[in-house]
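For the sequence shown, full-length UniProt numbering begins at 2 and goes up steadily by one.
Virtual Cβ for every residue (Gly too), placed ideally from N, Cα, C.
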Amino acid sequence: PKYVFDFTEGNKDLKDLLGGKGANLAEMTNLGLPVPPGFTITTEACRHYLEHGAVPDGLDQEIDRYLGALERQMGKRLGQADDPLLVSVRSGAKFSMPGMMETVLNVGLNDESVHGLAERAGDERFAWDSYRRLIQMFGKTVLGIDGEHFEDALEDAKRAKGVDDDLDLDAADFKGLVQTFKGIVREHAGRDFPTDPREQMDLAVKAVFESWNAPRAILYRRQERIPADLGTAVNIVAMVFGNLGMDSGTGVAFTRDPASGHQGIYGDYLQNAQGEDVVAGIRNTVPLADLEQIDKRSYDELLQIMETLENHYRDLCDIEFTIERGKLWMLQTRVGKRTAAAAFRIACQLVEQGLIDEDEAVSRVTGDQLVQLMFPRFADDAKAEKIAQGMNASPGAAVGKAVFSSARAVELAERGEDVILIRRETNPDDLDGMIAARGILTSRGGKTSHAAVVARGMGKTCVCGAEELEVDVRAGKITAPGGVTISEGDVISIDGSSGAVYLGEVPVVDSPVVQYFEGTLPVEDGDELVGSVHRIMTHADTRRRLDVRANADTAADAARARRFGAKGIGLCRTEHMFLGDRRQLVEDLILAETEKERQAALDALKPLQKRDFAEIFEAMDGSPVTIRLIDPPLHEFLPDLTELSVKVATGDASDDECRLLDAVRRLHEENPMLGLRGVRLGVVIPGLFAMQVSAIAEAAAEQKAAGRDPRPEIMIPLVVAVQELELIRDQAEEVLREAGVDAPIGTMIELPRAALTAGQIAEAAEFFSFGTNDLTQTTWGFSRDDVEAAFFSRYLELGIFGVSPFETLDVDGVGRLVRVAAEEGRRTRPDLKLGICGEHGGDPDSVHFFHEAGLDYVSCSPFRVPVARLEAGRAAI
Ligand code: PEP
Ligand code: MG
């Protein structure tokens, strides 16, 4: 295979092979934009290296050829003593992983070529600074030396000279630092810094390959659900310098505001600096708009390029650029990350501009983004003491205890505390603390700093660059203007939508998007965001094939689900109606020893059930309500065996309790989830299901008499054999007939045997609803109540699965059973209605699977209904 591509050979659709950065550099090159020449080594070469520990045969020769061509184009050789070609070696995977992997700049410098560079640039200081940067980056990245050794030496040099800023060091200082740094390399790597330019380059390429498996990269991929086996490409790019004086600089730009979506001039610029300085948030940048004053020609050209890119990609692009002595160079572009709100706004703005159609607008937003917009935010009229203003880097309202280190954040979060991670600036080592925290606050860095980019990616609230705050990480406190100090454990509130930082706990309110779904905020009164959500949801609804129902057991939930767009109830769990003060009645029923006792218990329960159902029918008038007959794990309704035994043994029990103990012993199960549940209970306790069906029928008849349109559906749980279903169905039909009420009778498919014998079961069922919670539990043999705590974190860590199968449907195993059951069920009964009511019904990926599997509807919790509607629309496009 071909392992190397010149930028002129690639294009933006080759991200799998060239990584995002390489593919887009190629695209820009071919658009005629000013990109420094270079080439990309493919992800395939990386995968080969990671698998075999060596680069593939022929790669070296291929690199020779491409490097030779680059040298001819530039008119100088890599590291040439009198006029060196210098290159950067940059990672670039298919999915952007900000700051996770490695980059080495200035490759090609050594004791000779540093003079050539000084001569050509006419700047001795610059050349030695570049050289020490190379040794520093190379030492850290390629040779694995702790970066602090270099940073300490730099600090020492500044201290010795009595200055604060790198800019105050001169050529002689950097010359000295080069010697010191070489000493550090020798001491900590046990070898000399390599002076052969090609050796530098080859080692840097391997280090980039290896950085794919750095712990922080692995953690980031798991968090973002990026597959672990993609590998990274490596870009070798001719160096251009933003640190050649005040007429040089480097910056980042967005074609639109990644927080609001609005068009305008957004970005940061840093004069006389090299690329990584901006992203690292090391020095404070100026707003991009200031570039107009600093260098109007480059500014105008940049604006032009931004327009070209946005029209070409038909989306928000982010850009990294460098200006070298008044000449603009594009170093990177990509379709930019954005907040959830911006995603909805931008999609609709692009439709308005005629760049995309409504189908594409729907496919450009996700259910996960919609979930983020449904988060609460701070109340407008909340009385709160604002202590600082930072940048609104990632929206949301977060309240928690202040912590100053990633480790503390993790520690407190594990104890169930809400924390806000406060740092001067974050770096990739803070990742696990950022994951653990409710929100992130930094005192330095702009909207493109590490903290901002990563937080937006995670959908986590972040305020960055709150410069008025003095963060003293070591002392564990921050000082705000006016002398307010905050120590670890003090509660603060941060508003990622406005950038405000408050002392203490600020009350939060519903999001406007939720108010819109609730119907309390009409579209015309809402802002642009509400309008965008409305437009996209409306279009998704016209496109989706799947119906969306809700899981609801109360009239209030049913009403909310309806407001959120549910077309019926897919699962009403009746056992929830038996908890609380009714538990005693159920206990009486289970423990009844005579026919009379049993009937008395049933008679007591029936009116309560009838009222429950009537209320739900009323709330869902005209739409189907699937009522599942009781499915209780018995232990939830009986006294605890151990407690009762102790009471009896210590003589504290009453006569009744002694008798109760016998019954509890008799009914005790080691595995209640595999025990006397669902249809089995209906089979062994005569009259229980019939009572429920009768309550349903009477409630429906009453509703009808009141002029309403109740649509009950009766669902039998945990069926594993068609014979069970026939027995219960016959009883239920008789009750319905007597009451003169019509209702379809169906079953849940939630055990592997039920799925595998679905052809038989469909003989006795008018509909199936997949109970993917139990189906996952029994297919994997994982107790749904225990395994997540017991060992899932380890399984996730080891990549045995990327996400819990209880969260996103396991397509290969459980999904296969769903397909088999759907197909064989429909073969028996072509008009068999198919739904799903496990937790997966509101999970975006799973909704796509159910669409493909040909189901008729998904049913999920009321709050997830809009997410399911949107994803069902996206699945159909
Ligand atoms: C299921 O098993 O997926 C289901 C919906 O039923 P429950 O969660 O009540 O067991
Ligand atoms: Mg179940």
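Not one heavy atom of the ligand MG lies closer than 8 angstroms to the C-beta of residue 269. Between residue 276 and residue 243 a beta carbon distance of about 7 angstroms is seen, short of the 8 angstroms cut, so the two are scored as contacting. Distances from the CB of residue 672 to the heavy atoms of the ligand PEP are all 8 angstroms or more.
Judged by DSSP secondary structure, residue 835 falls outside any alpha helix (DSSP H) and instead within the beta strand (DSSP E) spanning 834-837. In the three-state scheme derived from DSSP, where H, G and I count as helix and E and B as strand, residue 523 is classed as coil.
In this structure, the ligand MG has a non-hydrogen atom nearer than 8 angstroms to the beta-carbon of residue 719. Those residues whose C-beta sits under 5 angstroms from the nearest heavy atom of the ligand MG are, from N- to C-terminal order along the chain, 751, 772 and 775. In this structure, residue 844 has its beta carbon at no less than 8 angstroms from each heavy atom of the ligand PEP.
Between residue 599 and residue 638, the gap from beta carbon to beta carbon reaches 9 angstroms or more. Residue 749 has its Cβ nearer than 8 angstroms to a heavy atom of the ligand PEP.
CA-to-CA, the gap between residue 79 and residue 40 works out to about 14 angstroms. Residue 561 and residue 349 have their C-alpha atoms roughly 27 angstroms apart.
With contacts defined by Cβ atoms closer than 9 angstroms, residue 140 and residue 185 form a contacting pair. Assigned with DSSP and collapsed to three states, residue 354 falls in coil, not helix or strand. Per DSSP, reduced to three states, the secondary structure at residue 213 is coil, with no helix or strand assignment. Distance from the C-beta of residue 12 to the nearest heavy atom of the ligand PEP is not below 8 angstroms.
Setting aside the 5 residues that flank it on each side, residue 649 is surrounded in the same chain by 659 and 662, each with a C-beta closer than 6 angstroms to its C-beta; the list follows chain order. Taking each of 672, 700 and 718 in turn and checking the Cα distance to residue 684, the smallest one comes out for 718. Within 10 angstroms of the beta-carbon of residue 397 lie 16 or more other beta-carbons, which makes it buried. Collapsing the DSSP output to three states places residue 848 in a helix. The beta carbon of residue 357 sits closer than 7 angstroms to those of 315 and 351, all from its chain and outside the five residues before and after it, given in chain order. For residue 471, DSSP records a beta bridge to 480. Per the DSSP secondary-structure output, residue 325 pairs in a beta bridge with 328. Residue 747 and residue 695 have their alpha carbons spaced roughly 16 angstroms apart. Distances from the CB of residue 861 to the heavy atoms of the ligand PEP are all 8 angstroms or more. DSSP places residue 490 in no alpha helix (DSSP H); its state is neither H nor E.
Scanning the stretch 518-597 from its first residue to its last, the whole beta strand (DSSP E) runs of 3-plus residues come out as 548-552 and 570-574. At the C-beta level, residue 819 and residue 810 come within 9 angstroms of one another.
Shown here, residue 86 sits in a strand according to DSSP, grouped into three states.
In this structure, the beta-carbon distance from residue 808 to residue 841 falls below 9 angstroms.
Non-local beta-carbon contacts of residue 530 in its own chain, meaning distances under 8 angstroms to residues more than five positions away in sequence, involve 342, 345, 346, 374, 513 and 514 in chain order. Inter-residue distance for residue 414 and residue 601 is about 50 angstroms (C-alpha atoms, whole angstroms). Relative to the Cα of residue 615, the nearest Cα in the group 589, 90 and 555 belongs to 555. Setting aside the 5 residues that flank it on each side, residue 878 is surrounded in the same chain by 360, 363, 364 and 544, each with a C-beta closer than 7 angstroms to its C-beta; the list follows chain order. Excluding residues up to 5 positions away in sequence, 586 lie with their Cβ nearer than 6 angstroms to the Cβ of residue 606 in the same chain. For the stretch 648-692, the full-length alpha helix (DSSP H) segments reaching 4 residues or more read 656-668 and 679-685 along the chain.
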